[in-house]
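Each number in the numbering used here comes from the position in the sequence shown (counting from 1) with 9 added on. First the structure, in the form of structure tokens, and then the observations on it.
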Amino acid sequence: MDTLSYKTVTPNAQSVQHDWVLIDATDQVLGRLCSKVAKILRGKNKPSYSPFVNCGDNVIIINAEKCVLTGKKMTDRIYLNYTGYPGGQRELTPEVLMKKSYNKHLKPGMHPLYLRVVKGMLPKNRLGRQLIKNLHVYNGPDYPQQNMDVKVLDINKIK
Numbered sequence: 010m011d012t013l014s015y016k017t018v019t020p021n022a023q024s025v026q027h028d029w030v031l032i033d034a035t036d037q038v039l040g041r042l043c044s045k046v047a048k049i050l051r052g053k054n055k056p057s058y059s060p061f062v063n064c065g066d067n068v069i070i071i072n073a074e075k076c077v078l079t080g081k082k083m084t085d086r087i088y089l090n091y092t093g094y095p096g097g098q099r100e101l102t103p104e105v106l107m108k109k110s111y112n113k114h115l116k117p118g119m120h121p122l123y124l125r126v127v128k129g130m131l132p133k134n135r136l137g138r139q140l141i142k143n144l145h146v147y148n149g150p151d152y153p154q155q156n157m158d159v160k161v162l163d164i165n166k167i168k
């Protein structure tokens with residue numbers, strides 16, 4: 010029997026193809042959108058998925074300010090930060106994080122609300138820290154990666 014016919018091929022960092030994917034967040038529920046984005050960043054939508062390799066795509070989300078949160082989550086949900094100092098616990102709501110995304114001191118593509126939500130859905134190790142760098146989120150319809158070969162993806166058709 011030929012032993013080469015049943016070997017499992019495992020992808021490595023050099024053999025993985027990273028594409029650019031464009032997603033429109035208009036009228037999308039934030040958590041459902043971000044869970045699908047986390048799958049794409051991780052590479053779970055590809056047949057060559059491997060849990061210990063960065064085999065996902067680069068994701069660009071446009072119209073981020075037009076996403077929706079169900080119920081009163083925009084004002085009632087609380088995210089906690091801790092600075093490390095006594096009395097350094099900070100509370101943030103999604104509404105405050107949305108307003109922070111318009112600050113000019115933030116690097117373009119770094120939307121604090123989307124990064125926080127997607128980061129919680131990625132692995133908590135060096136691979137997760139590497140994957141979150143592949144996410145670029147913009148409030149409007151314009152994005153600087155227009156010279157890349159970007160695939161427009163309908164997020165409603167992804168499971």
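We put the CB at the ideal spot given by N, CA and C, even for glycine. Just so it is clear, the structure is predicted and the values come from calculations on it, not from any experiment.
DSSP three-state label for residue i, please.
i: L162; result: coil
i: L115; result: coil
i: V30; result: strand
i: P20; result: coil
i: K8; result: Because the chain here runs from 10 to 168, residue 8 falls outside it and cannot be looked at.
i: S44; result: helix
i: V126; result: helix
Between residue i and residue j, which are expected to be in contact by the criterion C-beta below 8 angstroms, what is the C-beta distance as a whole number of angstroms?
i: C76; j: A47; result: Going by Cβ atoms, the distance from C76 to A47 rounds to 15 angstroms, so no, they are not a contact pair.
i: Y123; j: I167; result: With a Cβ gap of about 17 angstroms, Y123 and I167 do not count as contacting.
Could you please give me the residues that DSSP links to residue i through a beta bridge?
i: V38; result: V77
Given a threshold of 16 other Cβ atoms within 10 Å of its Cβ, counted over all protein chains shown, does residue i qualify as buried or as exposed?
i: Y147; result: buried
i: M107; result: buried
i: A73; result: buried
i: P150; result: exposed
i: R138; result: exposed
i: I87; result: exposed
i: P121; result: buried
Quick one: is the Cβ of residue i within less than 6 angstroms of any heavy atom of the ligand MN?
i: I69; result: Looking for the ligand MN in the displayed structure turns up nothing, as the structure carries no ligands at all.
### Message
At 4 residues or longer, what runs of the alpha helix (DSSP H) sit wholly inside the region 129 to 157?
### Response
135 to 140
### Message
To test your reading of the DSSP string, which unbroken beta strand (DSSP E) runs of 3 or more residues are found completely within the region 50 to 107?
### Response
67 to 71, 88 to 91 and 98 to 101
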